[in-house]
Amino acid sequence: EAAHVEGFAKECAVVTHYRLKNDPAGAGIIVDPEAKLEEELIIRPTSETIIWNTYKTWIQSYRDLPVLLNQWCNVVRWEMRTRLFLRTAEFLWQEGHTAHATKQEAVDEAEQMLNIYADFVENYMAVPVIKGVKTPTERFAGAEETYCIEALMQDGKALQAGTSHFLGQNFAKAFDVKFSDKNNNLDYVWATSWGMSTRLIGALVMAHSDDDGLVLPPKIAPLQVVIVPIYKGDEQLEIITGKVNQIVKELKDLGISVKYDNSDNARPGWKFAEYEMKGVPVRIAIGKRDIEKNVAEVARRDTKEKMSVDISGLSSYIKNLLDEMQLNIYNRSKQNLEGHITKADTWNEFVEILDNKAGFISAHWDGTAETEEKIKELTKATIRCIPLNNKQENGKCILTGNPSTQRVLFARAY
RNA sequence: CGGGAGGUAGUUCAGCCCGGUUAGAAUACCUGGUUUGGGACCAGGGGGUCGCUGGUUCGAAUCCAGUCCUCCCGACCA
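In the working numbering, the protein residues as written are 1486 to 1899.
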């Protein structure tokens, strides 16, 4: 627990008073000095301590294991400087905590969660990630191993998108959580914890958006298709609406979320721009001209292309298009990632790439915290991760020239 | 916590340096009309204690002092 507390102590909000009041001098609402707490409350920055205090009372036997708790909650970390979506003083996250009878089971759990996170970020958010482990200095306070997924934003800065920790027996020892195994031997349990936060919203925005606004991958877009009628007069609208109702039904039958925006308080061009800004993947426009030819204009958000599509095959066309867009958005981001993993073998190369190309730099590191710290001081680049299944190769540390057995990924990060 | 920038209409800002009619623009909003295939056009209209407090002055958005707040950069960090 000591390392954990040490790691988080510097960024906790502390409640010292329990009441506000109107200032008699008229300065508005102020803290009531009469309401000072005798014992201060510390707002959790993460929940390990309360979870393990609880596990202590729940776990006695191997029959009680494994245990998994998952909760969504808000936590507070009093950062010196906040950054919208990426680092807010208070944030909503999901945090899971497990306890296991064996070390291997805990390690497997931590790795499983890393894979679940990677699967979600890649296959739903369409943001490719690099899976890896953190260096000791970048580890979660109190963890023995911190797994992470690192994403790359369009500006070339890295963003940690999720983490999973193998906590060893540290918390079990701190909270005295022991269990009897089948042979009646007492041992401390093995632990993991893992979390993902509203930071992912920031990742989503920065990974895909363009100058016209959000670009949402179809799988997570709350609204996948919007239909905009183009008409003059009620008579035309009525004919268009008849056609659209049929299309809406077909799309809904295919499980596609769709909105028919027949509101008359905004013109078509305004609606086009508005839904693009909101990132709606597909827009269908239908006017008198289209009805006459039995077609609709389909516009996709990711490439801004417009196609004229026969209404008879429209719903299946849209279904395929949404799948294709999901892939395209992912592949585009994947290309950006892969195009920005650059090898550097000399210090000059390292600095040059960092300043002019950005992204990840694959370079040798002598494995010491001192070198890591020095590089951070000199360039603001940190070791984002040591990729899983990293290739072993002999080389020389980018900074010190000392021997190294593998390359690690450096980047400037959010 | 250190450094920088800024607070003027719902919003984004100009005006401030060099004090002087009724504080402007764009956009948004309201009314009427014409429009509707990429954020419409024409005409008319409403909207501000210029962050707050004090000072200088015949006169302060403008100068001075204090104060509160916001944003950016740095250290810190999911």
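We put the CB at the ideal spot given by N, CA and C, even for glycine.
Where do the ends of the alpha helix (DSSP H) carrying residue i lie?
i: M1810; result: L1799 to E1823
i: Y1540; result: E1533 to W1543
i: Q1877; result: Per DSSP, Q1877 belongs to no alpha helix (DSSP H); it is in the beta strand (DSSP E), Q1877 to K1881.
i: T1587; result: Neither: T1587 is in no alpha helix (DSSP H) and is coded neither H nor E.
i: K1861; result: A1854 to T1864
i: R1774; result: K1773 to K1778
i: D1795; result: Looking at the DSSP string, D1795 is not in any alpha helix (DSSP H); the run it does join, the beta strand (DSSP E), is K1791 to D1795.
In whole angstroms, give me the CA-to-CA distance for residue i and residue j.
i: V1794; j: P1714; result: 15 Å
i: L1812; j: E1723; result: 37 Å
i: I1871; j: G1617; result: 5 Å
i: A1866; j: P1509; result: 52 Å
i: E1855; j: G1680; result: 29 Å
i: L1876; j: C1497; result: Per the sequence presented here, residue 1876 reads as Lys, with Leu not at that position. Whole-angstrom Cα-Cα distance: 39 Å.
i: D1604; j: I1826; result: 21 Å
i: A1591; j: I1527; result: 29 Å
i: T1631; j: R1869; result: 11 Å
i: N1833; j: D1840; result: 11 Å
i: P1707; j: M1565; result: 34 Å
i: K1642; j: K1773; result: 48 Å
i: G1886; j: F1570; result: 39 Å
i: A1784; j: E1735; result: 18 Å
i: I1515; j: W1563; result: 21 Å
i: R1548; j: A1626; result: 29 Å
i: E1782; j: Q1589; result: 56 Å
i: R1892; j: K1744; result: 50 Å
Measuring CA to CA, which of the options is closest to residue i?
i: V1614; options: L1839, F1845 and E1580; result: F1845
i: E1491; options: I1705, D1787, A1520 and R1624; result: R1624
i: I1712; options: A1657, I1686, A1770 and K1756; result: A1770
i: H1502; options: I1868, K1495, I1514 and E1525; result: E1525
i: E1575; options: Q1589, T1531 and T1539; result: T1531
i: K1521; options: A1829, D1672, K1506 and K1717; result: K1506
i: L1652; options: L1806, V1500, W1537 and L1863; result: W1537
i: T1542; options: W1675, N1669 and F1664; result: F1664
i: R1768; options: K1778, S1742 and Q1579; result: S1742
i: V1499; options: I1725, V1561, N1669 and Q1545; result: V1561
i: F1656; options: A1611, T1539 and E1858; result: T1539
i: T1853; options: T1890, A1781 and L1822; result: T1890
i: N1668; options: S1546, E1862 and A1628; result: S1546
i: I1705; options: V1733, E1607, N1730 and S1748; result: E1607
In terms of residues, what are the limits of the beta strand (DSSP E) holding residue i?
i: P1872; result: T1867 to P1872
i: G1687; result: Careful: G1687 lies outside any beta strand (DSSP E), inside the alpha helix (DSSP H) at R1684 to H1693.
i: L1553; result: V1552 to V1561
i: E1523; result: K1521 to I1527
i: N1507; result: L1505 to N1507
At least three beta-carbon pairs within less than 8 Å, the region 1598–1610 to the region 1630–1647: Yes: at least three Cβ pairs fall under 8 Å.
Runs of alpha helix (DSSP H) lying entirely within the region 1700–1768, each at least 4 residues, in chain order: Unbroken alpha helix (DSSP H) runs of no fewer than 4 residues, entirely contained in the region 1700–1768, are found at 1718–1738 and 1753–1762, following chain order.
Segment contact, 8 Å Cβ cut-off, at least three pairs: the region 1583–1593 with the region 1534–1554: Yes, since at least three Cβ pairs between the region 1583–1593 and the region 1534–1554 fall closer than 8 Å, the two stretches touch.
Every unbroken beta strand (DSSP E) inside the region 1597–1627 [3 residues or more]: Listed in chain order, they are 1615–1618.
Touch test, the region 1669–1689 against the region 1748–1755, Cβ-Cβ under 8 Å, three pairs minimum: Note that the region 1669–1689 does not touch the region 1748–1755; fewer than 3 beta-carbon pairs, one per stretch, sit closer than 8 Å.
Validate contact between the region 1760–1777 and the region 1693–1700 using beta carbons, cut 8 Å, 3 pairs: As far as the Cβ criterion goes, the region 1760–1777 touches the region 1693–1700, which means the pair count is three or higher.
Cβ pair count under 8 Å reaching 3, the region 1652–1665 against the region 1634–1643: In short, these stretches do not touch, since the Cβ pair count stays below three.
Segments of 3+ residues assigned as beta strand (DSSP E) that fall wholly inside the region 1628–1674: Fully enclosed beta strand (DSSP E) runs of 3 or longer: 1630–1637, 1643–1653, 1663–1665 and 1671–1673.
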